[in-house]
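A.B. asks: Structure incoming, see below.
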Amino acid sequence: MRTRTLSVVIAAVSFLIVTAHADDKKPKCTTPPAECERIIRQMLSGRRYLGVQLQELNPGLSVKSVVEEGPADRANLRPGDRFMAVNGKSTKDATIQDFKKILTDAKETGRLWIIVQRDGILKKIELRMEPYTKAQIDKIVAQHLAEAHAIVASAPPQP
Ligand SMILES: [Zn+2]
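Under the working numbering, the first residue of the sequence shown is numbered 3, with each subsequent residue one higher.
Shown next, in the form of structure tokens:
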């Protein structure tokens, strides 16, 4: 039971972080919100991230959005950038799943060298995955509560 709860939350969280958000496919969460918040915080603290949301171009990947002040933002990744290669691997036909695998392979160093195409020009972007800050974790929690539990972010949690 516990494993199932966790996997639902993990799915919801990775949905928020990695994949494009589709309005007609909102994640629904049946875990109590307080429990959810606790699990998300526990899961994200100390975990490294890139701060980029990708979309599949079919084929290929491009940047949908970047988290303000996150590693991708500071490395100058911009919405619309198309990923041509990551860490020496071509990503011209890659899916988000392929990209996740590259991230897993780069877990040790947390470093990524990305060749992007922007306005027809190739650019090399070097970045490093970094731990989430408290502010970012707060934001992800608020986003999850709003989207999956219909709880408004500014409302203080009820005991
Ligand atoms: Zn939840």
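The beta-carbon is built from N, C-alpha and C at its ideal position, and this holds for glycine as well.
Which residue wins for smallest C-alpha separation from glycine 48, given the options Ile139, Arg80, Gln119 and Gly62?
C.D. replies: On the sequence shown, residue 48 is found 46 positions in, with the first residue counted as 1. Minimum Cα distance to glycine 48 is reached at Ile139.
A.B. asks: Hey, isoleucine 127 and valine 118 are a contact pair by Cβ (cut 8 Å); roughly how many whole angstroms apart?
C.D. replies: Working through the sequence shown from its first residue, we reach residue 127 at position 125. Working through the sequence shown from its first residue, we reach residue 118 at position 116. Contact holds; Cβ gap of about 6 Å.
A.B. asks: Quick one: is the Cβ of alanine 150 within less than 7 Å of any heavy atom of ligand 1?
C.D. replies: In the sequence shown, counting from the first residue as 1, residue 150 sits at position 148. Checking every heavy atom of ligand 1 against the Cβ of alanine 150, one is found closer than 7 Å.
A.B. asks: Is any heavy atom in ligand 1 found nearer than 7 Å to the beta carbon of proline 1?
C.D. replies: Past the boundaries of the shown model lies residue 1; the chain is included only from 3 to 161, so the question cannot be answered.
A.B. asks: Buried or exposed: where does valine 154 fall if 16 or more other Cβ atoms within 10 Å of its Cβ makes it buried?
C.D. replies: As a position in the sequence shown, residue 154 is number 152, starting the count at 1. Under this definition valine 154 is an exposed residue.
A.B. asks: So, are the CB atoms of valine 68 and leucine 79 less than 8 Å apart?
C.D. replies: The residue you call residue 68 lines up with position 66 of the sequence shown. The residue you call residue 79 lines up with position 77 of the sequence shown. Yes, the Cβ-Cβ distance between valine 68 and leucine 79 is below 8 Å.
A.B. asks: Identify which residue in Cys31, Gly72, Lys125 and Thr111 has its Cα closest to the Cα of alanine 87.
C.D. replies: As a working note, residue 87 is residue 85 in the sequence shown. It is Lys125 whose Cα lies nearest to the Cα of alanine 87.
A.B. asks: Quick check on isoleucine 123: buried or exposed, where buried means 16 or more other Cβ atoms within 10 Å of its Cβ?
C.D. replies: Working through the sequence shown from its first residue, we reach residue 123 at position 121. Counting the other Cβ atoms within 10 Å of the Cβ of isoleucine 123 gives fewer than 16, which makes it exposed.
A.B. asks: Within the same chain, show all residues whose beta-carbon is closer than 6 Å to that of arginine 120, passing over the 5 residues directly before and after it, in chain order.
C.D. replies: One-based indexing of the sequence shown puts residue 120 at position 118. Excluding residues within five positions, the ones whose Cβ falls inside 6 Å are Asp83.
A.B. asks: Measuring alpha carbon to alpha carbon, tell me which of Leu129, Lys136, Ile116 and Asn89 ends up nearest leucine 46.
C.D. replies: For this step, residue 46 is matched to residue 44 along the sequence shown. Measuring from the Cα of leucine 46, the nearest candidate turns out to be Lys136.
A.B. asks: For arginine 50, I'd like the list of residues in its chain whose CB is within less than 7 Å of its CB, leaving aside the five on either flank, ordered along the chain.
C.D. replies: Position 48 of the sequence shown holds residue 50. Hits under 7 Å: Gly112, Met131, Glu132 and Pro133.
A.B. asks: On the criterion of 16 or more Cβ atoms from any shown chain inside 10 Å, does glycine 72 qualify as buried, or is it exposed?
C.D. replies: Against the sequence shown, residue 72 aligns to sequence position 70. Label assigned to glycine 72: buried.
A.B. asks: Can you tell me where the beta strand (DSSP E) holding isoleucine 142 begins and where it ends?
C.D. replies: Position 140 of the sequence shown, counting from 1, holds the residue named residue 142. No beta strand (DSSP E) holds isoleucine 142; the alpha helix (DSSP H) holding it covers 136-151.
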